[in-house]
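*Asks:*
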Amino acid sequence: MITKKFVLLDIDYITRNQEPVVRLFGKLLGENEEGHIIVLDKSFRPYIYVVPSDPSHIADCNIHLSDLNLLSVEQVSKNDMGELKEVLKVTFKHPQDIPKLREKILNLKSVKEIREHDIPFYRRYIIDHGLFPLNIVEVQGKVLNSARSSQRPPKTGGPEKSPAPKPCIFQVEKSPTPLESSLPELKFLSFDIEVYNPRGMPQSDLDPIIMISFSSNQGFRKVLSTKNTPDSSDPNGSPLDFVEVVAHEKELLEKFVETVQSENPDVILGYNSDSFDFPYICDRAAKLGVPLKLGIDGSSPKFTRIGFSNSAMIRGRVHIDLYSNTRRYMHLAHHTLERVYLELFGEGKLDIPGDEIHIYWDEGGRRLEALFHYSLNDAVAVTQIGERMLPLSTELTRIVGQPLFDVARMSSGRLVEWYLIRKSFEQGYLVPNKPSSAQLTRREGKHVVGGYVKEPVTGLHENIVYFDFRSLYPSIIISKNISPDSLTSGEDCHISPEYGHKFLKEPVGFIPLAIGQILQDRIKIKSQMKESRDDYQISVLNNQQEALKRLANTFYGLYNHSTFRWYSLKCSESITAWGRDFLKKTMEDSEKQGFKPVYADTDGFFATYVGPMD
DNA sequence: GTGAACCGGGG
DNA sequence: GTGTACGGTTCAC
């Protein structure tokens, strides 16, 4: 058996002989290795948990299940909200059997509820195998094809470029194992398209793509264009060395594909590329008959629905639309590429008004040259923004353990949820179900009293100090053991102010345990940062601790998010009650120390220092 | 005031 | 795809 090591970039499954085959896509590591690997694993099957109506007659439940076309049913013990339960682990032949059969199973009289029936198969796979995307994975098995073919499509002119090696296809024979992780450098390629738009916003059935520009984090820069500036002796050359002229739009798209293949990036970056660039490219390529073999497996982009919008997936690579990141993490009124660039780098970006692009194009000469610069500049700006924003997403990926593609598109609440789903697996807990629409309506109707507000004392205050409580909420959850599985009606417990909700002192609840681990990891990383002398390592560690901080601070508030699987009104009310209690008590204490609070709102308060009282 | 509808960003 | 965002603002009554 051969061993291969790679960085896990992407995961999916395909169906072969009606059976699921998981594919792990990675960037190869190690001596004499380059390029990408596709690992095939045929050994994993989907499953759900079934909670019986009558635990003492769990065998009846098993009999009823045997009528369905299942692979196996097995009795297991799981912790459900602090209570140990005997449940059935029901294994199916194919992931798509689950939506087909779960209603039938739920409707069986002997079945009380079904759990973990909505975990996508690829996510289940990496959780159950202990794999983390962007970490190093080792597999043992055999190479199915290691073709290092140097064939390339017929040349259409332009500078010579070495083709990327074809991916190594590998059959797993032993379960993949994660290795000690360090983050290998990822190659990313940004791109941006320009479209001829005499009627305002372009329409993909009418308006051609005229330019595509590229920028990588390894210095590659290029603009492909279907028009040249006239002041060049060579009709195919250009006075600008980064411009490559092609004959027509079809060739432009073919060159686009070739460039992605030869640059062979791990990550593809765009700005609004989920809803503009990729849909537009796909429409034009379909119209002109250009195969968009952008994926590692030669596949074309696929669009997956996330909410009401689509996301473009390039299989085996990671396509990230930085617009979603800037909207999530930068609090600006607008998130145009120009505005975001200004905010991050403090300088303006070369800009051409969108509706004038066709004018610059038609006019040619200096105007066209400006358009070349503008287009390249956009791609370069995307690379720079990526270099600034991605480290947080890559570390969140390695902590939460979901693919970078998903992590880059998830709210921090969802990140926490997937972090907890993995923790549930590790600790033998059953994951709570997503709320039904009826539960959602009920939850949305309930409102929790917010934080304490002290109206500001008017006037100009000097010697202002701010007492910040935001970071205190995680500590409240831990110190009061606020967790749905800790709720009790017994004795010897933490009792929340105002509401009197009771929480067990022991054992540590599922959520407080998770937050505790996050905070401990963060402390450990911070001390490693102090010891390290390696700048790259320090920056990675810093991103890790930032990611952990983000996760820890997200927990507060989640108990009151209607879609959160661990939603709990009692937990939510108790946090704010203890929060108000702490805030008021600390304000009182501060007055004893010579401070005078002038304004307070939920997370903290402002005070002036007036000197010690006599 | 309140709930529904719309919008973002891209050329 | 073991699927269906989100939060802020404006609109219509």
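Residues -10 to 603 (my numbering) are what the first sequence spells out, left to right. Virtual Cβ for every residue (Gly too), placed ideally from N, Cα, C. Bear in mind the structure is a predicted one, so any value in this text is a computation, not a measurement.
1. Leaving out five residues on either side along the sequence, give the residues of the same chain with a beta carbon under 7 Å from the beta carbon of Leu283.
2. Assign Ile604 to buried or exposed, taking buried as 16 or more other Cβ atoms, counted over all protein chains shown, within 10 Å of its Cβ.
3. Could you tell me the distance, in whole angstroms, from the CA atom of Gly296 to the CA atom of Asp272?
4. When we look at the beta-carbon of Glu384 and count the other beta-carbons within 10 Å, is it buried (16 or more) or exposed?
5. Which class does Asp523 belong to by DSSP, given the choice of helix, strand or coil?
6. So, helix, strand or coil for Tyr111, using DSSP?
7. Just verifying my parser: in three-state terms, what is the DSSP assignment at Pro143?
8. With 16 other CB atoms within 10 Å as the buried threshold, where does Trp378 fall?
9. List the endpoints of the continuous beta strand (DSSP E) containing Ser300.
10. Run the CB neighbour count on Glu8, radius 10 Å, all protein chains shown included, and call it buried at 16 or more, exposed below.
11. Would you please state the rounded distance, in angstroms, between the beta carbons of Met518 and Leu530? I believe it to be under 8 Å.
12. Give the straight-line distance between the Cα atoms of Lys513 and Phe544, rounded to the nearest whole angstrom.
13. By the DSSP assignment, the alpha helix (DSSP H) with Phe394 in it spans what residues?
14. Taking the beta strand (DSSP E) that Lys101 falls in, what are its first and last residues?
15. With C-beta atoms as the reference, is Leu241 less than 9 Å away from Leu213?
16. What is the residue span of the beta strand (DSSP E) that Leu73 lies within?
17. Which residue comes first and which comes last in the beta strand (DSSP E) that contains Lys585?
18. In chain order, what residues of the same chain have a beta carbon less than 7 Å from the beta carbon of Lys538, not counting five sequence neighbours either side?
19. Just list the residues that DSSP pairs Cys157 with in beta bridges.
20. Exposed or buried, which one is Leu461 when buried takes at least 16 other CB atoms within 10 Å?
21. Roughly how many angstroms separate the alpha carbons of Gly147 and Glu233, rounded to a whole number?
22. At what residues does the beta strand (DSSP E) containing Asn206 begin and finish?
23. Across the stretch 164 to 173 and the stretch 110 to 122, are there enough close Cβ pairs to call them in contact, namely three or more that are closer than 8 Å?
24. CB Ser557 to CB Leu429, shorter than 9 Å?
25. Does the Cβ of Phe553 have 16 or more other Cβ atoms within 10 Å, making it buried, or fewer, making it exposed?
26. Evaluate Ile52 with the Cβ neighbour count: other Cβ atoms within 10 Å of its Cβ, from every protein chain shown; 16 or more gives buried, anything less gives exposed.
27. For Glu336 and Ala322, I'd like the C-alpha separation in whole angstroms.
28. My assumption, with CB atoms under 8 Å, is that Leu175 sits in contact with Asp255. Please give the rounded CB distance.
29. Taking Leu572 as the reference, give the member of His483, Ala397, Val442 with the closest Cα.
30. Does DSSP put Ser138 in a helix, in a strand, or in coil?
31. Quick one: measure Cβ to Cβ for Ile465 and Ile388, integer angstroms, because I've assumed they're closer than 8 Å.
32. In terms of residue numbering, what span does the beta strand (DSSP E) encompassing Ile3 cover?
33. Taking its Cβ as the centre, do 16 or more other Cβ atoms sit within 10 Å of Asp344, making it buried, or is it exposed?
34. Does the distance from the CB of Phe14 to the CB of Ile3 come in under 9 Å?
35. Assuming Arg34 and Lys82 make a contact with CB atoms under 8 Å, what is their CB distance in whole Å?
36. Taking Glu580 as part of the alpha helix (DSSP H), name the residues at either end of that continuous run.
*Replies:* So, from the listed chains and residues:
1. Val246, Val249, Ser289, Pro290, Ile303
2. Since the first and last residues shown for the chain are -10 and 603, residue 604 lies out of range.
3. 22 Å
4. buried
5. coil
6. helix
7. Summary for Pro143: the model assigns pLDDT 49, below 50, so the residue's position carries little reliability; its value from the coordinates is reported in the next sentence. Reduced to three states, the DSSP call for Pro143 is coil.
8. The amino acid at residue 378 is misidentified as Trp; the sequence shows Met. Per the 10 Å Cβ criterion, buried.
9. 298 to 302
10. exposed
11. 5 Å
12. 20 Å
13. 393 to 396
14. 100 to 104
15. yes
16. 72 to 80
17. 584 to 590
18. Arg511
19. Ile26
20. buried
21. Because the pLDDT at Gly147 is just 48, under 50, the model does not fix this residue reliably, and the point stays unresolved.
22. Neither: Asn206 is in no beta strand (DSSP E) and is coded neither H nor E.
23. yes
24. no
25. buried
26. exposed
27. 18 Å
28. 4 Å
29. Val442
30. In this prediction, Ser138 scores a pLDDT of 47, lower than 50, which makes its location untrustworthy; the coordinate-derived value is nonetheless stated afterwards. Coil, per DSSP.
31. Incorrect: roughly 22 Å between the Cβ atoms, too far for contact.
32. -9 to 5
33. exposed
34. no
35. 7 Å
36. 558 to 581
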